[in-house]
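A quick write-up on the structure given underneath.
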Amino acid sequence: MIDSHCHLPWTIEKGGFADLEALKASAERWPEWTVDCGCETGEIDKTVALCEAHPDSMRFAVGIHPLEAKSYSDEVERKLVGLMSHPLCVAWGEIGLDLHGDDVPDLALQVEVCRRQFAKAAELGKTITLHAREADEPMLPLLKELPAGQKLHLHCYTGGAEFLREVLALPLDLCVGFTGAITFPKNEALRQNVEIVPLDRILVETDSPYLAPVPHRGKVCHPGYVFDVARVVAERKGVPPEELDRIASANTRRLYGF
Ligand SMILES: [Zn+2]
695 MIDSHCHLPW
705 TIEKGGFADL
715 EALKASAERW
725 PEWTVDCGCE
735 TGEIDKTVAL
745 CEAHPDSMRF
755 AVGIHPLEAK
765 SYSDEVERKL
775 VGLMSHPLCV
785 AWGEIGLDLH
795 GDDVPDLALQ
805 VEVCRRQFAK
815 AAELGKTITL
825 HAREADEPML
835 PLLKELPAGQ
845 KLHLHCYTGG
855 AEFLREVLAL
865 PLDLCVGFTG
875 AITFPKNEAL
885 RQNVEIVPLD
895 RILVETDSPY
905 LAPVPHRGKV
915 CHPGYVFDVA
925 RVVAERKGVP
935 PEELDRIASA
945 NTRRLYGF
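In this text, residue positions in the sequence shown follow the working numbering: the first is 695, and each later residue adds one.
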């Protein structure tokens, strides 16, 4: 099993653990691999260091989250470009657009920062981890600017079926990640999204420390809960859990190249 998207330094901190070993010791299960995402300037070094300490079970993505768009600068960009050639770096992300709530950076700034990071990732041949939340309309034209075949993980998909169909039809090498959000009783529409995505384009993730799945709601989410997400995806796709694990793990390794 692979948790294809999580934030382990935040998870360790939020859970009050001394280190990753202590967090793992508290978990019933743990996936063989995690893809850790550092997407704020203050988190990038922590993410890289944690991954370097666990090269046999971790890979990392770094980028600047749309809610952090104001922190993007030439200097940050140079740092990210440098990290792209790190042997454990598998992607640029999570990057994209987020228009959820009132307290978000100006859309024009988000678009500019997203476009710059898209262009650099594409130029360097890196996979993109995409965060797109309540921003379907401005997101689509940016995705259309990407070169054909660009590898992209549409992470934590919680949007509608229409946008999902549109992005799946783009000439991109795009996979869709599902999180604990699909296990919440009220989210039947999200479970129906699972049915739209072909098996060979599905990833499972926790986005820990957020979105702990049923039956762990209210707890700090961690990568061990990815099995609960995968079980719901397997049910919806009508395949045994071990088959879903095999397919989603292969999809993750192919998309992220490890
Ligand atoms: Zn995330």
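Think of the CB as a built atom: it goes at the ideal place given N, C-alpha and C, for glycine as much as any other residue.
(message) Within 10 Å of its beta-carbon, does R911 have 16 or more other beta-carbons around it, so buried, or fewer, so exposed?
(response) Exposed, since its Cβ has fewer than 16 Cβ neighbours within 10 Å.
(request) Collect the residues with a C-beta less than 6 Å away from any heavy atom of ligand 1 and give them in sequence order along the chain. (result) H699, H701, C731, E788 and D901
(request) Output yes or no for whether 8 Å exceeds the beta carbon distance between D730 and T741. (result) yes
(message) Could you give the first and the last residue of the continuous beta strand (DSSP E) run that contains W724?
(response) From DSSP, W724 is part of no beta strand (DSSP E); its letter is neither H nor E.
(request) Give the DSSP-derived three-state secondary structure of V898 in the structure shown. (result) Under the three-state reduction of DSSP, V898 is assigned to strand.
(request) Give the DSSP-derived three-state secondary structure of V742 in the structure shown. (result) Three-state result, V742: helix.
(message) Please return the same chain residues whose Cβ sits closer than 8 Å to the Cβ of R954, not counting the five positions on each side in sequence.
(response) Because the chain in this structure spans residues 695 to 952, residue 954 falls outside the shown range and cannot be described.
(message) Between V933, E831, F857 and P865, which has its C-alpha nearest G843's C-alpha?
(response) P865
(message) So, with DSSP's three-state summary, where would you put E715?
(response) helix
(message) Can you check which of these residues, L702, E769, P907 and A875, is closest to H748 by C-alpha distance?
(response) For H748, the nearest C-alpha among the options comes from L702.
(message) Taking the beta carbon of E715 as the centre, do at least 16 other beta carbons fall within 10 Å, making it buried, or is it exposed?
(response) exposed
(message) Taking the alpha carbon of T873 as the reference point, which residue from P799, D894, A755 and D901 has its own alpha carbon closest?
(response) D901
(message) Going by DSSP in three states, D792 sits in which element: helix, strand or coil?
(response) strand
(message) Going by beta-carbon coordinates alone, are M695 and V920 separated by less than 8 Å?
(response) Taking 8 Å as the Cβ cut-off, M695 and V920 qualify as a contacting pair.
(request) Give a yes or no on whether the minimum CB-CB distance between W727 and chain D is below 8 Å. (result) Looking for chain D here will not work: only one protein chain is present.
(message) With the cut-off set at 8 Å, would you say A763 and K820 are in Cβ contact?
(response) no
(message) Between which residues of its own chain and F812 is the CB-CB distance below 8 Å, once the five residues before and five after are set aside?
(response) I789, I822, L836, E839 and L840
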